[in-house]
Amino acid sequence: MEFAPVLVDGGILNLDPALAALWWADCAGSVVVQLADPETVVGLDEYAPEQKQAELITLTLVRFKGASVTWPADWKWSVEVRGGSIGSDNPFAAASADVQIHVFTIMRVPDRGVLAFIAGRRFA
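Residue 1 is where the sequence shown starts when you use our numbering, and the numbers rise one by one after that.
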């Protein structure tokens, strides 16, 4: 696995599984997360109806106080995120502490969409 360090100070963070599976982003201000389109899978059965492969990304996100992240609207989040039971750690709320470090697991599954959850919260 590769590790792709990224410094984001506003703007767009484009996660591309073809470049790396592990991502790190320091976020100040407003950041928009995107997932690059999948590449064609090489070496699968040419007679298969569709060539499909799941993609998995781990994103360590450092949000400085006030930093906000806009996630793609079509991603499916785990129940604790949707239900808001994680309070100020919610990835949809602006960071309330000086620095919040969270780890996200993001999986694109063909015909199922993108599934996301918080793998770890409030690292110090």
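We put the CB at the ideal spot given by N, CA and C, even for glycine.
Runs of the alpha helix (DSSP H) lying entirely within the region 72-96, each at least 4 residues long, are 79-82 in chain order. Going by beta carbons, residue 31 and residue 13 fall inside the 8 Å limit. Secondary structure at residue 123: coil, using DSSP grouped into helix, strand and coil.
Boundaries of the beta strand (DSSP E) around residue 100: 99-109. For residue 56, the enclosing beta strand (DSSP E) stretches over residues 55-64.
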